[in-house]
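**Q**
There are 2 protein chains.
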Amino acid sequence: MKYSQLIGKTNKESPKDEINRSAEFLIKGGFIHKEIAGAYAFLPLGLKVLNNIVRIIREEMNAIGGQELFLSSLQNPEVWDKCNRWSDDSMDIWFKTKLKNGSELGLAATHEEPITNLMRSQIKSYRDLPVYAFQFQTKFRNETRVKGGILRTREFLMKDLYSFNKDEEGLNDFYEKAKEAYIKIFNRAGIGHKTYLTFASGGTFSKYSHEFQTECEAGEDTVYLDRKKRLAVNKEVFTEEVVKDLGLDRENIEEINAIEVGNIFKQMTKFSEPLGLSYLDSDGNKKPVIMGAYGIGPARVMATIVELHHDDKGIIWPQSVSPFQVHLIGLNLENNGAREKADEVYNYLKDNNIDVLYDDRIDTTTGEKFSDADLIGIPLRLVVSKNTGENIEIKRRQENTVSIISKDELLKLIHNS
Amino acid sequence: MKYSQLIGKTNKESPKDEINRSAEFLIKGGFIHKEIAGAYAFLPLGLKVLNNIVRIIREEMNAIGGQELFLSSLQNPEVWDKCNRWSDDSMDIWFKTKLKNGSELGLAATHEEPITNLMRSQIKSYRDLPVYAFQFQTKFRNETRVKGGILRTREFLMKDLYSFNKDEEGLNDFYEKAKEAYIKIFNRAGIGHKTYLTFASGGTFSKYSHEFQTECEAGEDTVYLDRKKRLAVNKEVFTEEVVKDLGLDRENIEEINAIEVGNIFKQMTKFSEPLGLSYLDSDGNKKPVIMGAYGIGPARVMATIVELHHDDKGIIWPQSVSPFQVHLIGLNLENNGAREKADEVYNYLKDNNIDVLYDDRIDTTTGEKFSDADLIGIPLRLVVSKNTGENIEIKRRQENTVSIISKDELLKLIHNS
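Just so you know, the sequences run in chain order R and Y.
When we follow the working numbering, the leftmost residue of the first sequence carries the number 193, and every step to the right adds one.
When we follow the working numbering, the leftmost residue of the second sequence carries the number 193, and every step to the right adds one.
1. Using a Cβ-Cβ cut-off of less than 8 Å, list which residues of the segment 265-287 of chain Y approach chain R; keep chain order.
2. Identify each residue in the segment 216-247 of chain Y for which the Cβ-Cβ distance to at least one residue of chain R is less than 7 Å, and report them in chain order.
3. Is it the case that the Cβ atoms of Y/Phe348 and Y/Glu260 are separated by a distance below 9 Å?
4. Could you check how far apart the C-beta atoms of R/Gly382 and R/Ser512 are, in whole angstroms? I think they sit under 8 Å.
5. Nearest by alpha-carbon distance to R/Phe463: which of R/Gly439, R/Glu216, R/Leu472, R/Arg277 is it?
6. Give me the Cα-Cα distance between R/Ser470 and R/Gly258, rounded to the nearest whole angstrom.
7. Counting only beta-carbon separations shorter than 9 Å, does Y/Phe430 have a partner in chain R?
8. Let me know if Y/Lys204 comes out buried or exposed under the rule of 16 or more other beta-carbons within 10 Å of its beta-carbon.
9. Using C-beta distances below 6 Å, list every residue in its chain close to Y/Lys376, excluding the 5 sequence neighbours before and after it, in chain order.
10. Would you mind giving the Cβ-Cβ distance between Y/Ser514 and Y/Pro466, rounded to the nearest angstrom? I have them listed as a contact below 8 Å.
11. Return no unless some Cβ of chain C is closer than 9 Å to the Cβ of R/Met311.
12. Please confirm whether Y/Ile211 and Y/Ala410 have their CB atoms less than 9 Å apart.
13. Can you say whether Y/Thr431 is buried or exposed, counting buried as having 16 or more other CB atoms within 10 angstroms of its CB?
14. Residue range of the alpha helix (DSSP H) that R/Thr491 falls in?
15. My assumption, with CB atoms under 8 Å, is that Y/Arg422 sits in contact with Y/Tyr400. Please give the rounded CB distance.
16. For R/Gln314, decide whether its Cβ has a neighbour in chain Y, counting only Cβ atoms nearer than 9 Å.
17. Count Cβ pairs between the segment 333-342 of chain Y and the segment 304-321 of chain Y that sit closer than 8 Å; are there 3 or more?
18. Cα-Cα, which of R/Ala495, R/Arg250, R/Pro269, R/Ile482 is closest to R/Trp286?
19. For Y/Leu263, which residues of its own chain have a beta-carbon under 8 Å away from its beta-carbon, when the five flanking residues on both sides are left out?
20. Which of helix, strand or coil does DSSP assign to Y/Phe562?
21. Which chain R residues sit within Cβ distance under 7 Å of Y/Gly454?
22. Assuming R/Gly454 contacts R/Phe397 (C-beta within less than 8 Å), just tell me the rounded distance between them.
23. Examine chain Y for any beta-carbon lying closer than 9 Å to the beta-carbon of R/Lys201, and answer yes or no.
24. Measuring straight from C-alpha to C-alpha, what distance separates R/Tyr367 and R/Asp352?
25. In chain R, what lies closer than 7 Å to Y/Ala325 by C-beta?
26. What separation, rounded to the nearest whole angstrom, lies between the Cα atoms of Y/Asn477 and Y/Lys358?
27. Can a CB atom of chain R be found closer than 9 Å to the CB of Y/Asp475?
28. Going along chain Y, which residues have a C-beta under 7 Å from R/Pro306?
29. Cβ of Y/Arg319 less than 9 Å from any chain R Cβ?
30. Which residue wins for smallest C-alpha separation from R/Lys427, given the options R/Thr414, R/Leu438, R/Val434, R/Asp418?
31. Check the Cβ-Cβ distances between Y/Gln259 and every residue of chain R, and say whether any is below 9 Å.
32. Under the three-state reduction of DSSP, which class applies to Y/Thr308: helix, strand or coil?
33. Mind listing which residues of the segment 325-353 of chain R have their C-beta closer than 7 Å to chain Y's C-betas, in chain order?
34. Evaluate R/Ser214 with the Cβ neighbour count: other Cβ atoms within 10 Å of its Cβ, from every protein chain shown; 16 or more gives buried, anything less gives exposed.
35. Counting only beta-carbon atoms, is R/Phe516 nearer than 9 Å to chain Y?
36. Where does R/Ala392 fall in DSSP's three states?
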């Protein structure tokens, strides 16, 4: 992709109404664009990162037997009423709207009720279980306050997986698998080292739920972390009893800020009973289906990656989610033969299936090109100029050393990155 | 994928409130599930078809230089007010909702206003033009009546592309390219032979817009078609003057029902002027950007494919969009060694990267398995049974002849399909 043609150029002004580095860098770098408070457009660079995160999550959900589907955003009040979640008193983040005939509809803030209702036509007998359904679908949440860019928004993509089992044992087995899958996802996205399994409120049906909390100054959550054991407890449930229950030692516990990047929840029969989702066991007895729910917000993961991987100049993307593999800069392209040379390297990379962002601007100084590359944060920067001859200058985003290598060496190096 | 585990089994009862064959077959086949009137969930089979259509569209949009981005659903009234489209009097399909503080928001029914507004920060000079942006994003439309399954819904995925040019000449050039891309898309999706470029209302700024109308009994539109010239005119603009203008001969014109599967529109400065989207030309003069808009609804294309490709027994998917490449049926799997043999073929196909749906049910008769395969409509059906020995029985969905072939021949045949 030629940078001169890219939708989503860098801009120098820091957004005035954003308080986090991730929002600042993502907006200045041309990844996202604020539409209203709490709703952002993803520009091509941002969408590429988001899609990379979605791909990682999808692969890990498929690997544990998830089947992808796609529910609707418009919601039928009747279904929610059965679980007592239609009223604003019980769920205070609804966006509601109306049909022309005056009847109310909701915009899905989550999808437990509709997936449970849908599964009534899919699950009849024990032979239909277990089954695991997931989707990437927009959630709408009427948050009173929004801040922090794409860390907390009123409209966001969410991966939500729902598990349907015959019994608690089946749920427990799958729950552990999902936990492992989540750890893999956060590791692959480059935030695993700072992400901790965190005990949180379980509600009526389970003692605890689990959150995945990433240690970060910008986090809105407070959790109590035992760094050695890599276990944490959300402030909401942090009591003497819980500390004892989990075998933690108060002396080893730190209070930290964290971002909730995922959560997993044993819902048991909370939704299946009121909505009548049951199955016939091998003896012909009717039993309620045992459920679990497993969420990750890909855009929040994206912001968390930026919070963890940046310096004063901008973002430093992990290669796994980087919008492009390499950032090629052509210098002084208006000089004799310079453009031809840079174009040749660009075409060479493209011909070798390297996904490359090519800064081909002629109205931009060398300094600006370098500082834009630092802001955008693609992990490998290549420079072609009159000084590089037949070779290419290469620098890793997080390092200061510059090397000169040949085109052949370059391919090897990229493939090993 | 094993059919016994698939979310989205076939069901025998025809839906009572659906009037089209596409809705009937897609619901009975387990592709979609009605959530409310005008909003459907896509089950795994349906999502696979939809994603295949999306992939085709994305490839053709990338091929003409489109850059993919993703705008928000929640909409700021101010932006729409500038183009006089916030009031329900001017746009009567709004779903509106409210923030906690009482201020109104809209749910995007289309995205001309927000993309034009966004581009103000992206387009400064003639050097930033032309540029083409597209997305796959949900549209919400508060239709009074909905019928016909996923042919017309209140919530649907749409591919919308917007073109930004310096002048009318640039727009006209791109418009022709988009037209060609659309023809390719409909050909690849298997509906090209019945899809006609159709002249429709152009509004204030252009004489005509163009629709792509697919001839079909279930279509809600009436168009006048010159079959020889492969040109049509929407009833809305069908006058003596238009007939003359287009050089058509009234005697060769038929009235037909059709489904609008796409539309392209020269919007000129309709949105760029009120929203202030302008650029500086090479002489430093400020000029409004010239725009066009290009839409396709992937789910409507999906329903149209079914309307065109079915028989009394069910769907006959074109291979390009089929949810799986082959449908493997194991017969009498409870018999000695039968399951092992069928599993072996299943694993052989998977190992050779063939995307296969495997009917591994034991509680289902041969007749039911065959009629489910006919309903689901995967173009190649394979049968393994005690009669097939080391070979496999193969039948194309649209043919009645059955052949017996070896495993090696099978791979060749699939790759040539």
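Cβ atoms here follow ideal geometry from the backbone N, Cα and C, with glycine treated the same way.
Here the structure is a predicted model, which means the values were calculated and not measured.
**A** In brief:
1. When CB distances to chain R are screened at a threshold of 8 Å, the residues of the segment 265-287 of chain Y falling below it are Ser265, Leu266, Gln267, Asn268, Phe287, in chain order.
2. Taking 7 Å as the Cβ-Cβ cut-off against chain R, the residues of the segment 216-247 of chain Y that qualify are His225, Glu227, Ile228, Ala231, Tyr232, Ala233, Phe234, Leu235, Pro236, Leu239.
3. One-based indexing of the second sequence puts residue 348 of chain Y at position 156. One-based indexing of the second sequence puts residue 260 of chain Y at position 68. At the C-beta level, Y/Phe348 and Y/Glu260 stay beyond 9 Å of one another.
4. If you number the first sequence from 1, residue 382 of chain R lands on position 190. If you number the first sequence from 1, residue 512 of chain R lands on position 320. Right, the Cβ-Cβ distance comes to about 6 Å (below 8 Å), so this counts as a contact.
5. Position 271 of the first sequence, counted from the start, is the residue given in the question as residue 463 of chain R. Ranking R/Gly439, R/Glu216, R/Leu472, R/Arg277 by Cα distance to R/Phe463 puts R/Arg277 first.
6. For the purposes of this step, residue 470 of chain R is taken as residue 278 along the first sequence, with counting starting at 1. For the purposes of this step, residue 258 of chain R is taken as residue 66 along the first sequence, with counting starting at 1. Cα to Cα, R/Ser470 sits roughly 20 Å from R/Gly258.
7. Position 238 of the second sequence, counting from 1, holds the residue named residue 430 of chain Y. With 9 Å as the cut-off, Y/Phe430 does not count as an interface residue toward chain R.
8. Here residue 204 of chain Y refers to the residue found at position 12 of the second sequence. Under this definition Y/Lys204 is an exposed residue.
9. To locate residue 376 of chain Y, count along the second sequence from 1; it is residue 184. Cβ within range, chain order: Glu252.
10. For this step, residue 514 of chain Y is matched to residue 322 along the second sequence. For this step, residue 466 of chain Y is matched to residue 274 along the second sequence. Not confirmed; about 45 Å, so no contact.
11. Of the chains in the structure shown, none is chain C; the protein chains are R and Y.
12. For the purposes of this step, residue 211 of chain Y is taken as the residue at position 19 of the second sequence. For the purposes of this step, residue 410 of chain Y is taken as the residue at position 218 of the second sequence. Contact flag set, yes.
13. Taking the first residue of the second sequence as 1, we reach residue 431 of chain Y at position 239. Classification of Y/Thr431: exposed, given that the 10 Å Cβ count is below 16.
14. Start at 1 with the first residue of the first sequence, and residue 491 of chain R comes out as number 299. In the sequence as displayed, the identity of residue 491 of chain R is Ala instead of Thr. Run containing R/Ala491: 490-500, per the alpha helix (DSSP H) assignment.
15. The residue labelled residue 422 of chain Y in the question sits at position 230 within the second sequence. The residue labelled residue 400 of chain Y in the question sits at position 208 within the second sequence. Actually they do not touch by this definition, with Cβ atoms about 16 Å apart.
16. The residue you call residue 314 of chain R lines up with position 122 of the first sequence. Chain Y, which has a Cβ nearer than 9 Å to the Cβ of R/Gln314, makes this yes.
17. Under the 8 Å Cβ criterion, the segment 333-342 of chain Y does not count as touching the segment 304-321 of chain Y, having fewer than three qualifying pairs.
18. Taking the first residue of the first sequence as 1, we reach residue 286 of chain R at position 94. If we check each option's Cα against that of R/Trp286, R/Pro269 comes out closest.
19. What you label residue 263 of chain Y is simply residue 71 of the second sequence in a count that begins at 1. A distance below 8 Å between beta-carbons, with the five flanking residues on each side excluded, links Y/Leu263 to the following residues of its chain, in chain order: Ala300, His303, Pro306, Ile307, Leu310, Gln327, Gln329.
20. Locating residue 562 of chain Y in the second sequence gives position 370, where the first residue counts as 1. It is helical.
21. For this step, residue 454 of chain Y is matched to residue 262 along the second sequence. Per Cβ cutoff of 7 Å: no residues; Y/Gly454 is ~22 Å from chain R at best.
22. As a first step, residue 454 of chain R must be located in the first sequence, where it is residue number 262. As a first step, residue 397 of chain R must be located in the first sequence, where it is residue number 205. That belief does not hold up - the Cβ atoms of R/Gly454 and R/Phe397 are roughly 20 Å apart, past 8 Å.
23. If you number the first sequence from 1, residue 201 of chain R lands on position 9. Yes, contact with chain Y.
24. For the purposes of this step, residue 367 of chain R is identified with residue 175 of the first sequence, where counting begins at 1. For the purposes of this step, residue 352 of chain R is identified with residue 160 of the first sequence, where counting begins at 1. Using only the alpha carbons, I get a separation of about 14 Å.
25. By one-based count along the second sequence, residue 325 of chain Y stands at place 133. Within chain R, the residues Ile199 have their CB atoms less than 7 Å from the CB of Y/Ala325, given in chain order.
26. Stepping through the second sequence from its first residue, residue 477 of chain Y is reached at position 285. Stepping through the second sequence from its first residue, residue 358 of chain Y is reached at position 166. When rounded, the distance between both Cα atoms is 12 Å.
27. Here residue 475 of chain Y is taken as the residue at index 283 of the second sequence, counted from 1. Residue-level contact by beta carbon fails for Y/Asp475 and chain R, as no gap is shorter than 9 Å.
28. Here residue 306 of chain R is taken as the residue at index 114 of the first sequence, counted from 1. Counting only Cβ-Cβ distances below 7 Å, R/Pro306 has contacts in chain Y at Glu227, in chain order.
29. For the purposes of this step, residue 319 of chain Y is identified with residue 127 of the second sequence, where counting begins at 1. With 9 Å as the cut-off, Y/Arg319 counts as an interface residue toward chain R.
30. One-based indexing of the first sequence puts residue 427 of chain R at position 235. Nearest C-alpha to R/Lys427: R/Thr414.
31. In the second sequence, the residue the question calls residue 259 of chain Y occupies position 67. The beta-carbon of Y/Gln259 is placed less than 9 Å from the nearest beta-carbon of chain R.
32. Stepping through the second sequence from its first residue, residue 308 of chain Y is reached at position 116. Correct three-state label for Y/Thr308: helix.
33. Answer in chain order: Ala325, Thr330, Asn334, Thr336, Arg346, Glu347.
34. Along the first sequence, one-based indexing puts residue 214 of chain R at 22. Its Cβ being crowded by 16 or more others within 10 Å, R/Ser214 is buried.
35. Stepping through the first sequence from its first residue, residue 516 of chain R is reached at position 324. Chain Y, which has no Cβ nearer than 9 Å to the Cβ of R/Phe516, makes this no.
36. Here residue 392 of chain R refers to the residue found at position 200 of the first sequence. Strand at R/Ala392.
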